[in-house]
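A short worksheet on the structure shown next.
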Amino acid sequence: MKTPKLPSTKGSKRSTSLLGLSRGMLLATAAVVVVVLGGVTLLSGASNKPTLLSDLRQQTHYHGLAVDRADPTRLLLATHHGFYIVNKAGVATRVSPVQDFMGFTPHPTNKSILFASGHPSGGGNMGFLRSDDGGVSWKQVSLGLGGPVDFHQMDVSPADGNVVYGSYRGIQVSRDGGQNWSMAGPSPDGLIALAASRASPDRVYAATQSGLQISNDAGKSWSPAGFAGQAVSTVSVGSGDSIFAFVVGKGLQRAAEGSPGNWSLLNNDFGDRALLHLAVDPTDPARMYAATDDSSLLASSDGGHSWHPFGAK
């Protein structure tokens, strides 16, 4: 897919006007656009000096977000320029080499194992990656099908940690922890994000430019799951039976996996921002975190009903 080149974001915020009249079209390719290697200025050097989030958001894009299972007060942040650990005060420290982490997702039960894809700093694709030390070092597990792949959308099944879904020239599926892959079928049109179900390893959700889709056969076929014709910028499975989706212009929505078409509004007080990544604290489902399209990090302590800047309180 050919994507436009964004200007450097160093020293300035990414313009939220990009999400105006053409918002749905942009969001449909958001996960691709922000990783164009020439689109931002690389963070200089190899320093891992702690950085305030207010400064970090001026220098890079956020491509993945999770709660650190080893310490739930911290967030794990995959960016265009490395992998960061963010403490509760909103201070980020890069622990990895400088490289572009895409498709980031943690193992559903093992606190130390993380998965990602993306690009090395010099360009190209890195295939399917795994870290066994909380993001400090990474190794290539496999090239993926037709790879080396660059999974911009990827998720590990909470129902079976050996099942991984990734989008690269179609929906690819691995059932052995990412060592071997098969092609399930085409990716849904306008794909933005994938979320594997907690209810079944063969169920996966797709946030797209024109609504939320669901597959019950491991990505072979898709059917509507809500918000037809509307841009859904992210989808995430929480603890228990919860599933969350952000609908551009209609806010953050929640449904139960048992009835994925029955949605209720949690919050629509985000102004002109869209949520691109969601993370639910596995130790406390009332605690949620979000990364926005302008690289802000937000936190909620009441299950998504109200939000504040992460690190603010």
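Heads up: the sequence shown runs through residues 10 to 322, numbered per my numbering. Positions of the beta carbon are idealized from the N, C-alpha and C atoms, including for glycine. Nothing here was measured: the structure is a model prediction, and the numbers come from that model.
Check                                                                                                    : Outcome
C-beta atoms of phenylalanine 62 and alanine 75 nearer than 8 Å                                          : Just to set this straight, residue 62 is leucine in the shown sequence, not phenylalanine. Not in contact: leucine 62 and alanine 75 (Cβ atoms no closer than 8 Å).
Rounded separation between leucine 123 and aspartate 281 - CA only                                       : 32 Å
Neighbourhood of glycine 99 by C-beta, 7 Å cutoff - its chain only, sequence neighbours within 5 removed : Leu61, Leu62, Phe319, Gly320
Presumed contact (8 Å Cβ cut-off) between leucine 203 and aspartate 164, rounded CB distance             : 5 Å
Cβ contact (3+ pairs, closer than 8 Å) linking the region 191-198 and the region 219-233                 : yes
Member of Gly187, Thr243, Arg212 whose CA lies at the smallest distance from the CA of glutamine 218     : Thr243
N-terminal and C-terminal residue of the beta strand (DSSP E) that leucine 221 is part of                : 220-224
Pair within 8 Å by beta-carbon distance, glycine 187 and serine 151                                      : yes
For leucine 152, the three-state DSSP class (helix, strand or coil)                                      : coil
Assigned exposure category for alanine 295 - 16 Cβ within 10 Å defines buried                            : exposed
Aspartate 109, enclosing alpha helix (DSSP H) - first and last residue                                   : Here aspartate 109 belongs to no alpha helix (DSSP H); instead the beta strand (DSSP E) covers 109-115.
C-beta atoms of proline 167 and valine 246 nearer than 8 Å                                               : yes
Distance CB(glycine 156)-CB(histidine 116) smaller than 8 Å                                              : no
Length of the line joining the Cα atoms of leucine 200 and phenylalanine 279                             : 22 Å
Isoleucine 252 to asparagine 271 span [Cα, whole Å]                                                      : 11 Å
Distance, arginine 178 Cα to proline 129 Cα                                                              : 20 Å
Span of the alpha helix (DSSP H), counted from its first residue to its last, around aspartate 169       : Aspartate 169 -> no alpha helix (DSSP H), and no H or E assigned at all.
Rounded separation between arginine 139 and lysine 58 - CA only                                          : 24 Å
Contact under 8 Å by Cβ, alanine 283 with aspartate 302                                                  : yes
Terminal residues of the beta strand (DSSP E) in which serine 130 lies                                   : Run containing serine 130: none; DSSP gives neither H nor E here.
Bridge partners - glutamine 67, DSSP secondary structure assignment                                      : Glutamine 67 pairs with nothing; no bridge assigned.
Of the residues Gly127, His161, Val172, the one placed nearest lysine 148, counting alpha carbons only   : Gly127
DSSP bridge partner residues for tyrosine 298 (one or two, in chain order)                               : Ala288, Ala308
Per-residue burial, threonine 114 [other beta carbons within 10 Å of its own, 16 or more giving buried]  : buried
Cβ shell of phenylalanine 255 (< 6 Å), same chain only, five flanking positions each side left out       : Ser242, Thr243, Leu261, Leu284
For leucine 86, the residue or residues it bridges with in DSSP                                          : Leu74, Tyr93
Cα-Cα separation, valine 173 to histidine 286                                                            : 18 Å
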